[in-house]
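Q: Dumping the structure here so I can ask a few things about it.
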Amino acid sequence: MQAGTNRAAYYAIRSVVLEEMLHMTLIANLLNAVGGRPRVAHPDFVRSYPAKLPYSALNVEIPLRHFSPEAMRTFLLIERPRRRDDGPLQPERGWTSIGQFNDFIRQGLLALVTELGEDTVFCGARERQVGPEDFYNSGGEAFPVTDLRSALLALRVVTEQGEGLSDSIFDSDDLLFGEQRQVAHYFRFNEILTGRTYGPHDTPAAPPTGPEIDVRWDDAYLIDPKASLADYARYDDKAVYEHAVAFNAAYAQLLAHLEIAFNGTPRFMVLGVPAMLRLREHAERLYHNPHPDPDKGPRGYFASATFEIDHHQIEYGHEVVSARIRTTNLNADEPVDLSAVEPS
């Protein structure tokens, strides 16, 4: 969306993004706790768009979209709360809600602990865990996952921030973290789509009844959901292509930051913050350019990020990130001074 517009929608979407960062961190902690190794800086981790939801029974495409009713409907599909008639997940069919998928993981953990014992299942090194002192965020709180109790809590946070408490529009952040009560992701997206907030007594079964919010769909950069580097490379003016390549390189470097933090040096997590800012700068450079296609540009389409990375970009990203870490002269147990990190 264009700068300064749709402020209520902007902050709602931003709050979801922050909490999804927390979810990624908690799941990385859970994977580390059971002896796994998070691999987020890998081409196989990054979906090509339009993407399919992994292991999902919902056979739908997820494209990259601009701020629009279609984008909100896509988000609602992904965050759809469990229904009473959903039943347990059928592996051969796939999941129909994130909560159902998370409950499948929960049941698996319980079964493994019963069979093997808690100490055997949770065998990961404690120093690999990302804690609140490492996590720069305002959406909930990162915490170490070291046993069954904390693993189940991590899955609860991910589920309830997304779809809400059972039979409620609200998440559990006020109960778990002492934060202000707020509606879960699904219902935040529905507020934007309907142009109205939920009231304190509203339920999941009914539309929101609170005050209206100002949503202006036209105040968005119209983008082509099928844009790709190969598409941009076809045009004589290479400016958009070069901006898209730079964005993808910055994206690979951000993933490299996260992978290094998730694999034994959690104090370096905060070094990913400047990488996120660089990513935003590259995105803005793209959106300020009309689409180079002589048909799409005049019709109001703008250039956009493609989120395409390959092995070469990942390898180079790791080299760049490792060099940045060395320039900080930082040990894994020391506080991080972001002023020592090159901003661009």
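This note's numbering puts the first residue of the sequence shown at 14, with every later residue one more than the last.
Virtual Cβ for every residue (Gly too), placed ideally from N, Cα, C.
Could you give the DSSP three-state label for alanine 332: helix, strand or coil?
A: If you number the sequence shown from 1, residue 332 lands on position 319. A small correction: the amino acid at residue 332 is glutamate; alanine does not occupy that position in the sequence shown. It is helical.
Q: Determine, using beta carbons only, whether alanine 46 and phenylalanine 135 come nearer to each other than 8 Å.
A: The sequence position of residue 46 within the sequence shown is 33, counting from 1. The sequence position of residue 135 within the sequence shown is 122, counting from 1. Contact flag set, yes.
Q: What first and last residue would you give for the alpha helix (DSSP H) that runs through glycine 175?
A: The residue labelled residue 175 in the question sits at position 162 within the sequence shown. Per DSSP, glycine 175 belongs to the alpha helix (DSSP H) from 161–176.
Q: Since glutamine 103 sits in a beta bridge, which residues does DSSP pair it with?
A: Here residue 103 corresponds to residue number 90 of the sequence shown, with the count starting at 1. In the DSSP assignment, the residues bridged to glutamine 103 are Gly107.
Q: Helix, strand or coil: how does DSSP classify isoleucine 226 here?
A: Translated into the one-based positions of the sequence shown, residue 226 becomes position 213. Looking at isoleucine 226 - three-state DSSP - the assignment turns out to be coil, as it is neither helix nor strand.
Q: Among the residues of its own chain, which have a CB less than 8 Å from the CB of proline 101, if the five just before and after it don't count?
A: Within the sequence shown, the letter at position 88 stands for residue 101. Result list for proline 101: Gln113, Asp116, Phe117 and Gln120, in chain order.
Q: Just the C-alpha distance for glutamate 128 and glutamate 328, rounded to the nearest angstrom, thanks.
A: Stepping through the sequence shown from its first residue, residue 128 is reached at position 115. Stepping through the sequence shown from its first residue, residue 328 is reached at position 315. Distance between the alpha carbons of glutamate 128 and glutamate 328 is about 40 Å.
Q: Hey, could you find the ends of the alpha helix (DSSP H) tyrosine 62 is sitting in?
A: The count along the sequence shown starts at 1 and reaches residue 62 at position 49. Unbroken run through tyrosine 62: none, as it is neither H nor E.
Q: So, with DSSP's three-state summary, where would you put proline 287?
A: If you number the sequence shown from 1, residue 287 lands on position 274. Three-state DSSP puts proline 287 in a helix.
Q: Whose C-beta lies closer than 6 Å to the C-beta of histidine 36 among residues of the same chain, with five residues either side of it excluded?
A: Mapped onto the sequence shown, residue 36 falls at position 23. Once the five neighbours on either side are set aside, the close Cβ partners of histidine 36 are Val171.
Q: Looking only at its chain, what residues have a beta carbon closer than 7 Å to the beta carbon of methionine 289, apart from the 5 residues adjacent to it on each side?
A: Walking along the sequence shown from the start, residue 289 turns up at place 276. So the list reads Leu267, once near-sequence residues are dropped.
Q: Would you list the residues sitting across from arginine 209 in a DSSP beta bridge?
A: As a working mapping, residue 209 is identified with position 196 in the sequence shown. Answer is Glu225, bridged to arginine 209.
Q: Could you spell out the range, first to last residue, of the alpha helix (DSSP H) harbouring glutamine 266?
A: Here residue 266 corresponds to residue number 253 of the sequence shown, with the count starting at 1. Counting along the chain, the alpha helix (DSSP H) containing glutamine 266 begins and ends at 252–275.
Q: Assuming asparagine 45 is part of the alpha helix (DSSP H), what are its boundary residues?
A: For this step, residue 45 is matched to residue 32 along the sequence shown. Start and end: 20–46.
Q: Could you please give the first and the last residue of the uninterrupted alpha helix (DSSP H) stretch that includes threonine 133?
A: The residue you call residue 133 lines up with position 120 of the sequence shown. Looking at the DSSP string, the run of the alpha helix (DSSP H) that includes threonine 133 is 131–134.
Q: Report the rounded CA-to-CA distance for isoleucine 273 versus isoleucine 75, giving the unit in angstroms.
A: Residue mapping note: residue 273 aligns to position 260 of the sequence shown, counting from 1. Residue mapping note: residue 75 aligns to position 62 of the sequence shown, counting from 1. Isoleucine 75 has its alpha-carbon roughly 28 Å from the corresponding atom of isoleucine 273.
Q: What is the C-beta distance between proline 51 and glycine 144, in whole angstroms, given that I count them as a contact (C-beta under 8 Å)?
A: As a first step, residue 51 is located in the sequence shown; it is residue number 38 there, counting from the start. As a first step, residue 144 is located in the sequence shown; it is residue number 131 there, counting from the start. That belief does not hold up - the Cβ atoms of proline 51 and glycine 144 are roughly 16 Å apart, past 8 Å.
Q: Taking the alpha-carbon positions, what's the arginine 312 to proline 305 distance?
A: The residue you call residue 312 lines up with position 299 of the sequence shown. The residue you call residue 305 lines up with position 292 of the sequence shown. Between arginine 312 and proline 305, the C-alpha separation is close to 11 Å.
Q: For glutamate 74, does the three-state DSSP call read helix, strand or coil?
A: What you label residue 74 is simply residue 61 of the sequence shown in a count that begins at 1. Of the three classes helix, strand and coil, the one that applies to glutamate 74 here is strand, per DSSP.
Q: In chain order, what residues of the same chain have a beta carbon less than 7 Å from the beta carbon of tyrosine 211, not counting five sequence neighbours either side?
A: Translated into positions along the sequence shown, residue 211 becomes position 198. Ile182, Val196, Phe200, Glu204, Pro221 and Gly223, listed in sequence order.
Q: Just to confirm, is the Cβ distance from isoleucine 322 to valine 59 under 8 Å?
A: As a position in the sequence shown, residue 322 is number 309, starting the count at 1. As a position in the sequence shown, residue 59 is number 46, starting the count at 1. Contact: yes.
Q: What is the residue span of the alpha helix (DSSP H) that alanine 243 lies within?
A: In the sequence shown, residue 243 corresponds to position 230, counting from 1. That run of the alpha helix (DSSP H) goes 242–245.
Q: Given a cut-off of 8 Å, decide if alanine 70 and threonine 109 are closer than it, judged by their beta-carbon atoms.
A: Residue numbering aside, residue 109 sits at position 96 when the sequence shown is read from its first letter. Residue numbering aside, residue 70 sits at position 57 when the sequence shown is read from its first letter. Yes, they are a contact pair.
Q: Nearest-angstrom Cα distance between glutamate 192 and phenylalanine 260?
A: Residue mapping note: residue 192 aligns to position 179 of the sequence shown, counting from 1. Residue mapping note: residue 260 aligns to position 247 of the sequence shown, counting from 1. Taking the straight line from one Cα to the other gives about 34 Å.
Q: Provide the residue span of the alpha helix (DSSP H) that contains aspartate 186, from first to last.
A: As a position in the sequence shown, residue 186 is number 173, starting the count at 1. Its alpha helix (DSSP H) spans residues 186–189.
Q: Taking C-alpha atoms, which residue in Ser335, His324 and Arg337 lies nearest to aspartate 57?
A: Mapped onto the sequence shown, residue 57 falls at position 44. Aspartate 57 has its Cα closest to that of His324, out of Ser335, His324 and Arg337.
Q: Out of Ala269, Gln326 and Gly285, which one is the CA nearest neighbour of valine 53?
A: Your numbering for residue 53 matches position 40 in the sequence shown. Residue Ala269 is the option with its Cα nearest to valine 53.
Q: Using a 10 Å radius around the Cβ and a threshold of 16 neighbouring Cβ atoms, would you call glutamate 332 buried or exposed?
A: Walking along the sequence shown from the start, residue 332 turns up at place 319. Glutamate 332 comes out exposed.
Q: Whole angstroms is fine: what's the gap from alanine 124's alpha carbon to glycine 48's?
A: Counted from its first residue, the sequence shown places residue 124 at position 111. Counted from its first residue, the sequence shown places residue 48 at position 35. Each residue's Cα considered, the two are about 17 Å apart.
Q: Would you kindly report the start and end of the unbroken alpha helix (DSSP H) that includes proline 82?
A: As a first step, residue 82 is located in the sequence shown; it is residue number 69 there, counting from the start. Segment 82–91, the alpha helix (DSSP H) holding proline 82.
Q: Between leucine 242 and tyrosine 254, how many whole angstroms is the CB-CB distance? I'm expecting something under 8 Å.
A: Counting from 1 along the sequence shown, the entry for residue 242 is found at position 229. Counting from 1 along the sequence shown, the entry for residue 254 is found at position 241. The Cβ separation is near 7 Å, so the contact holds.
Q: For phenylalanine 80, I'd like the list of residues in its chain whose CB is within less than 6 Å of its CB, leaving aside the five on either flank, ordered along the chain.
A: Here residue 80 is taken as the residue at index 67 of the sequence shown, counted from 1. So the list reads Met14 and Ala233, once near-sequence residues are dropped.
Q: Using only CA atoms, which one of Thr319, Tyr68, Ala318 and Ala138 lies nearest to proline 104?
A: Start at 1 with the first residue of the sequence shown, and residue 104 comes out as number 91. Closest option to proline 104, Cα to Cα, is Tyr68.
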